[in-house]
Amino acid sequence: MKSASQTSNQDSSYQSTEQLNENSKKTPANLIIAIFAVLTLLMLATRTHHFSSLNHLPSASIAIFFLAGMYLRNMKAFWFFYVLSVTIDLASSYYRGDFGSCITTSYPALVLSYGVMFAAGFYTKPDWQQNAWQINAIKVALALFVASSIAFFISNGSYYALSGNFPVLSWSEYSARVDKYFFGSISNPVFYVISAVVIDFTVSHFFTEKSINTDHNISTNNKF
Numbered sequence: 001m002k003s004a005s006q007t008s009n010q011d012s013s014y015q016s017t018e019q020l021n022e023n024s025k026k027t028p029a030n031l032i033i034a035i036f037a038v039l040t041l042l043m044l045a046t047r048t049h050h051f052s053s054l055n056h057l058p059s060a061s062i063a064i065f066f067l068a069g070m071y072l073r074n075m076k077a078f079w080f081f082y083v084l085s086v087t088i089d090l091a092s093s094y095y096r097g098d099f100g101s102c103i104t105t106s107y108p109a110l111v112l113s114y115g116v117m118f119a120a121g122f123y124t125k126p127d128w129q130q131n132a133w134q135i136n137a138i139k140v141a142l143a144l145f146v147a148s149s150i151a152f153f154i155s156n157g158s159y160y161a162l163s164g165n166f167p168v169l170s171w172s173e174y175s176a177r178v179d180k181y182f183f184g185s186i187s188n189p190v191f192y193v194i195s196a197v198v199i200d201f202t203v204s205h206f207f208t209e210k211s212i213n214t215d216h217n218i219s220t221n222n223k224f
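Numbering of the sequence shown is given in full-length UniProt numbering, commencing with residue 1 and proceeding in unit increments.
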């Protein structure tokens, strides 16, 4: 038979572990700031290719909204990156002296594309403590593919339908253009998202769990 003190110690140990697990799911403020800074620099580094032909990095804009939804999880972050993207586009158009090729009547539809990516990232954040890494990887991969496909057809379709640059465009011509740009568009965010998820998994698996186990052992030893 277990004594009341042993039962109480086990219950306290279980509650302590649960509390540590809950705390591990909360992203520290300094980490949020670091993620925010990295995503901002990434947009500045890849979206400003209009200014220089030396920048050959693939655009990370779609990936940035996906990752912002996944890790920043705040609508203020969404609007910040949207305003930043618009500012960069306006500045680059002014620099090149050509607003027509980038800023058209279809341009506002981009907010819907970015919103889809942000929402997909928000609802598919990996939970390494609760789910196997394979499940998390499949969930993120499917969400990224579906969301980036929807985002492509919103931005691409609205451009051809609303920009006024294609007054006569048959379905066969549009299909040919989709076939030309679709794969490149949805493959752009893959590298960035994979890199972020691998870093997330590494930190969670090798550092967070070790910290939880260490804190748990200290808490258990202090009870005796």
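Beta carbons: idealized from backbone N, C-alpha and C, even for Gly.
Quick caveat: nothing in here was measured; it's all calculated off a predicted structure.
- In terms of residue numbering, what span does the alpha helix (DSSP H) encompassing valine 200 cover? One detail in the question is off: residue 200 reads as aspartate in this sequence, not valine. Counting along the chain, the alpha helix (DSSP H) containing aspartate 200 begins and ends at 171-203.
- Item | Nearest to tryptophan 133 (by Cα), restricted to the options Val197, Phe153, Lys76 and Leu144 | Val197
- Item | Extent of the continuous alpha helix (DSSP H) to which serine 155 belongs | 133-162
- Closest Cα partner of valine 203 within the set Leu162, Phe183 and Pro126: Pro126
- With 16 as the cutoff for other CB atoms within 10 Å, does glutamate 22 come out buried or exposed? Reliability fails at glutamate 22, whose pLDDT of 45 lies under 50, so the model's placement of it is uncertain and the value that follows must be treated cautiously. The residue in question, glutamate 22, is exposed, as its Cβ has fewer than 16 Cβ neighbours within 10 Å.
- Neighbourhood of asparagine 136 by C-beta, 6 Å cutoff - its chain only, sequence neighbours within 5 removed: Pro126
- Same chain, Cβ closer than 6 Å to serine 53, five either side skipped, listed in chain order: Residue confidence is low: serine 53 scores 42 on pLDDT, short of 50, so the model does not pin down where it sits. No coordinate-derived value is stated.
- Message: Going by DSSP, what residue range makes up the alpha helix (DSSP H) through aspartate 89?
- Response: 75-96
- Task: Could you tell me whether the region 38-45 touches the region 58-67, using the rule of 3 or more Cβ pairs below 8 Å?
- Result: yes
- Pick helix, strand or coil for threonine 104, following the three-state DSSP scheme. coil
- Helix, strand or coil for asparagine 165 per DSSP? coil
- Message: Would the region 169-176 count as touching the region 110-128 if we require 3 or more Cβ pairs under 8 Å?
- Response: no
- Message: Using C-beta distances below 7 Å, list every residue in its chain close to threonine 7, excluding the 5 sequence neighbours before and after it, in chain order.
- Response: For threonine 7, the pLDDT reaches just 46, beneath the cut-off of 50, and the residue's location in the model is therefore unreliable, leaving the point undetermined.
- Between which two residues does the alpha helix (DSSP H) containing residue 225 stretch? The requested residue 225 is not part of the displayed model; the chain covers only 1 to 224.
- Message: Less than 8 Å between the beta carbons of phenylalanine 152 and serine 185, yes or no?
- Response: yes
- What is the rounded straight-line gap between the Cα of alanine 34 and the Cα of leucine 72? 10 Å
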